[in-house]
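The structure under discussion appears below in the form of structure tokens.
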Amino acid sequence: MSRSLKKGPFTDPKLLAKLSKLRIGDKTVIKTWSRDSVITPKMVGFTIGVHNGRIHTPVLVVENMVGHKLGEFSPTRKFVRHGGKMQKEIETSKQAETSNVAAEAVKTTAKK
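In this note's numbering, the protein residues as written are 5 to 116.
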């Protein structure tokens, strides 16, 4: 369920206070634990360190991020790829096949 339009988007007041003290383009990372804060146009150009439960992930805010929440850009879980040794062998064989096909295509075009 989305937030009421009457209330407007939530942004942590402490985060806004920290942003107002800095100049646009400043390279300092602003640490925050407020993952539920909505990115506003005032935040564009700043680097915000969003806490993911373990560390602060630096997030450079750009225009396309406006309207999204800070937590969307700082994943909390590490994706461990499925497979293991067998999967790795399959992937390397597929890469070898594609490189061989590409090399043959180059040779045939060079002969013409």
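Yeah, the Cβ is synthetic: ideal placement off N, Cα and C, and Gly gets one too.
This one's a predicted model, so the numbers in the text were calculated from it and none came from an experiment.
Within a Cβ cutoff of 8 angstroms, which residues of the same chain sit near residue i, ignoring the five residues on either side of it in sequence?
i, result
"T32", "L26, T51"
"R7", "P13, F14"
Taking all protein chains shown into account, do 16 or more other C-beta atoms lie within 10 angstroms of the C-beta of residue i, making it buried, or fewer, making it exposed?
i, result
"T36", "buried"
"V84", "exposed"
"K96", "What sits at residue 96 in the sequence shown is Thr, not Lys. Answer is exposed; the Cβ neighbour count stays below 16."
"I28", "exposed"
Can you tell which of the options has its C-alpha closest to the C-alpha of residue i?
i, options, result
"P79", "V65, Q99, H72, V54", "V54"
"S41", "A109, S8, F14", "F14"
"K82", "I59, S103, H72", "I59"
"P17", "I43, L9, Q91", "I43"
By Cβ distance, which residues of its chain are closer than 6 angstroms to residue i, with the 5 residues on each side in sequence left out?
i, result
"E67", "V48"
"G75", "R39"
Is residue j closer than 8 angstroms to residue i when the C-beta atoms are compared?
i, j, result
"L23", "K46", "yes"
Suppose only complete runs of 4+ residues qualify. What are the alpha helix (DSSP H) ranges in the segment 24-103, listed by chain order? none
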